[in-house]
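Q: Read in order, the letters of the sequence shown correspond to residues 1 to 409 in UniProt numbering. Pasting a structure below so you can have a look.
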Amino acid sequence: MWYCKESNKKGEILEKIIEKFNLFIVNNSSPTYKKSGNILDLSICSSNSVKNFSKFEVLSEDISDHLPTLTILNNIETSKKTEFASRIDWTKFQNYLNQNEITIDKVRNAEEPEQKANLLTKEIHNALEAANITFKVDNNNKQIIPVPHELKVILKNFKNEKLKKDFHELSNFNQSSSKHWELLKKIENQDEIIRPQIELLVNDQILTQDDQFVEKFAKNLADTFSDNSVPIFQMNDSNETSSFSKFEYISTDELIDAISKINTKASTGFDMISNKTIKNLPFKTLKSIHSLFNFSLKLGYIPQNWKKAKIIMLYKKNKPSNLASSYRPISLLSCLGKLLEKIVNTKLQNWIETNKLLPECQAGFISNRSTQEQILMLTQSIIQGFNEKKLTGAVLFDLEKAFDKSSHT
């Protein structure tokens, strides 16, 4: 293909790549390597640029054991690529929803909140589509300027000095210093590389296809989260539901306060309604959401689409990458459903703390407290034991998948 005297394995691989991607070698029969007289330096063109090929020449300048080559392409034009971008006109979005108000009156059974939630989602999507503005973005391809060698040396020296300072800082490691923990985490993670395409080992069989991964992960999750001992919950009709207490009722202030605290960069669920969209909803639509939330609590029913989750499997660091158990799931739920959960969670936490239902020794999941208190208490017990010439024993439990296997009903 390029006038070589004999073939080898690497040359055969290169030949397959050239054929696969429809590339062209424009070399002539002139050798480029002095010692053996072989052609080791190739000029390769794409099918689009080969039509502009004019001349290939091996130059006689003596610069190394390889001879320099010259490839000339004529009439090359860099075309401007026009791309399109879009943004939401939030004023237009709000005006649309104000003109198409969704009224949620009395809800008496499970079908009604389901229908109202679907209608609400549809109207928000319609408003987003109506308020979407598309515009052109001219992509002017500018020539990339290579980084000079001198600058690369400066950057390398700077990184080395920075690393030395980090190690010096960590030489006086303080367990209570968040800065030291951040430095340690940064140093540990700096050598991480992008993982190649994964392969899963199942019953001595290697799985490489996406659909096989999905089936295996789905089975693992089903085995982990299934609990046949939990009775099926039967929803009561509104006529049989106990009176709606002041504690259960969600106020508009609670809704607005919860919305003000949500993260606009959080991922969306299947309904594709983001937290940023929720923050830009007009008050009329918030009133509809407020009514829907309260009816959901009163009936003890959450719309099905709010409970559907996108599952993404994340690799656990330092675990065998070919085992399904080395990946943990994260669930991307509807932002509207998560907003309701957040409000209910806040109400429950406040009620539990007010009634002092948690033991004093618990420090996790309590506001203004943390598990660092337990570390401090253990440290104090050990120091006291040293002072009294006693041994201090500790029994620590690490339950595998404890959260996943616990009943959440």
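Yeah, the Cβ is synthetic: ideal placement off N, Cα and C, and Gly gets one too.
Three or more C-beta pairs closer than 8 Å, one from the stretch 284–296 and one from the stretch 110–120: is that the case here?
A: Taking 8 Å as the limit for Cβ pairs, the verdict is that the stretch 110–120 does touch the stretch 284–296.
Q: Quick test of your reading: aspartate 138 and threonine 82, contact by CB under 8 Å. State the CB separation rounded to the nearest angstrom.
A: Yes, they are in contact, since the Cβ atoms of aspartate 138 and threonine 82 sit about 6 Å apart, within 8 Å.
Q: Using the beta-carbon count (16 or more within 10 Å), is glycine 11 buried or exposed?
A: Burial call: exposed.
Q: Is the CB-CB distance between isoleucine 44 and isoleucine 25 below 9 Å?
A: Their beta carbons are under 9 Å apart, which means isoleucine 44 touches isoleucine 25 by this criterion.
Q: Which one of Glu199, Leu200, Ala110, Lys287 has the shortest CA to CA distance from residue 425?
A: Since the first and last residues shown for the chain are 1 and 409, residue 425 lies out of range.
Q: Between alanine 258 and leucine 339, how many whole angstroms is the CB-CB distance? I'm expecting something under 8 Å.
A: Going by Cβ atoms, the distance from alanine 258 to leucine 339 rounds to 6 Å, so yes, they are a contact pair.
Q: Using DSSP with H/G/I as helix, E/B as strand and the rest coil, what is serine 238?
A: Reliability fails at serine 238, whose pLDDT of 46 lies under 50, so the model's placement of it is uncertain and no value is given.
Q: Could you pull out every residue in the same chain whose Cβ sits closer than 7 Å to the Cβ of lysine 136, ignoring the five residues on either side in sequence?
A: Thr82, Phe84, listed in sequence order.
Q: Check whether the stretch 309–316 touches the stretch 346–360, counting contact only when three or more Cβ pairs, one atom from each stretch, lie closer than 8 Å.
A: The stretch 309–316 is not in contact with the stretch 346–360.
Q: From the DSSP output, read off the bridge partner residues of asparagine 132.
A: According to DSSP, asparagine 132 bridges with Ile88.
Q: Could you give the distance in angstroms between the alpha-carbon of leucine 336 and the alpha-carbon of tryptophan 306?
A: Distance between the alpha carbons of leucine 336 and tryptophan 306 is about 7 Å.
Q: Give the range of the beta strand (DSSP E) segment to which leucine 200 is assigned.
A: 200–202 is the span of the beta strand (DSSP E), which, as asked, contains leucine 200.
Q: Based on the DSSP output, what are the partners of glutamate 329 in its beta bridges?
A: Just to set this straight, residue 329 is proline in the shown sequence, not glutamate. Looking at the DSSP assignment, proline 329 forms a beta bridge with Met313.
Q: Take asparagine 48 and list the residues in its own chain whose beta-carbon comes closer than 7 Å to its own, dropping the five residues that flank it on each side.
A: Once the five neighbours on either side are set aside, asparagine 48 has no close Cβ partner at all.
Q: Classify glutamate 150 as helix, strand or coil using the three-state DSSP reduction.
A: DSSP places glutamate 150 in helix when its eight states are reduced to three.
Q: Cβ atoms of phenylalanine 93 and alanine 130: under 9 Å apart, would you say?
A: Yes, these two residues count as a Cβ contact at 9 Å.
Q: Decide if the stretch 211–224 is in contact with the stretch 324–332; the criterion is three or more beta carbon pairs, one per stretch, under 8 Å apart.
A: As far as the Cβ criterion goes, the stretch 211–224 touches the stretch 324–332, which means the pair count is three or higher.
Q: Span of the alpha helix (DSSP H) holding leucine 348?
A: Run containing leucine 348: 335–354, per the alpha helix (DSSP H) assignment.
Q: Return helix, strand or coil for phenylalanine 158, following the three-state DSSP convention.
A: If DSSP states are grouped into helix, strand and coil, phenylalanine 158 belongs with the helices.
Q: Leaving out five residues before and five after lysine 35 in sequence, what residues of the same chain have Cβ atoms less than 8 Å from its Cβ?
A: Only Asp65 meet the Cβ criterion.
Q: According to DSSP, is glutamate 373 part of a helix, a strand, or is it coil?
A: DSSP places glutamate 373 in helix when its eight states are reduced to three.
Q: Exposed or buried, which one is isoleucine 124 when buried takes at least 16 other CB atoms within 10 Å?
A: Result: buried.
Q: Leaving aside the five residues before and after phenylalanine 53 along the sequence, list all residues of the same chain whose C-beta is less than 7 Å from its C-beta, in chain order.
A: Within the same chain, phenylalanine 53 has close Cβ partners Val26, Cys45, Leu73.
Q: Quick check on tyrosine 33: does DSSP put it in helix, strand or coil?
A: The answer is strand: DSSP assigns tyrosine 33 an E or B state.
Q: By a C-beta neighbour count over all protein chains shown, 10 Å radius and 16 as the cutoff for buried, is tryptophan 2 buried or exposed?
A: It counts as buried.
Q: In angstroms, rounded to a whole number, what distance separates the CA positions of threonine 392 and glutamine 380?
A: Cα to Cα, the separation comes out at about 10 Å.
Q: Going by beta carbon distance, what residues of the same chain come within less than 7 Å of lysine 389, once the five residues before and after it are set aside?
A: Nothing listed; no residue qualifies.
Q: So for lysine 308, helix, strand or coil by DSSP?
A: Residue state, collapsed to three classes: coil.
Q: Could you tell me which of Glu353, Asp41, Leu128, Glu6 sits nearest to serine 86, measuring between CA atoms?
A: It is Leu128 whose Cα lies nearest to the Cα of serine 86.
Q: By the DSSP assignment, the beta strand (DSSP E) with glutamate 57 in it spans what residues?
A: Taken as a continuous stretch (DSSP letters only), the beta strand (DSSP E) holding glutamate 57 covers 53–58.
Q: By Cβ distance, which residues of its chain are closer than 6 Å to tryptophan 90, with the 5 residues on each side in sequence left out?
A: Result list for tryptophan 90: Asn280, in chain order.
Q: I'd like to check one pair, asparagine 132 with residue 440: are the Cβ atoms closer than 9 Å?
A: What is shown of the chain runs 1 to 409, which leaves residue 440 out entirely.
Q: Determine the direct distance from the alpha carbon of asparagine 100 to that of isoleucine 232, and round the result to whole angstroms.
A: Residue confidence for isoleucine 232 is low, a pLDDT of 49 falling below 50, so the modelled location carries little weight and cannot support an answer.
Q: In this structure, what does DSSP give as the bridge partners for phenylalanine 24?
A: Paired residue(s): Cys45.
Q: Quick one: what's got a C-beta closer than 7 Å to leucine 42's C-beta in the same chain, skipping five residues either side?
A: For leucine 42, where only same-chain residues beyond five positions count, the Cβ hits under 7 Å are Trp2, Ile25, Asn27.
Q: Measure the CB-CB distance between leucine 332 and threonine 264 and report whether it falls below 9 Å.
A: In this structure, threonine 264 does not lie closer than 9 Å to leucine 332 by Cβ.
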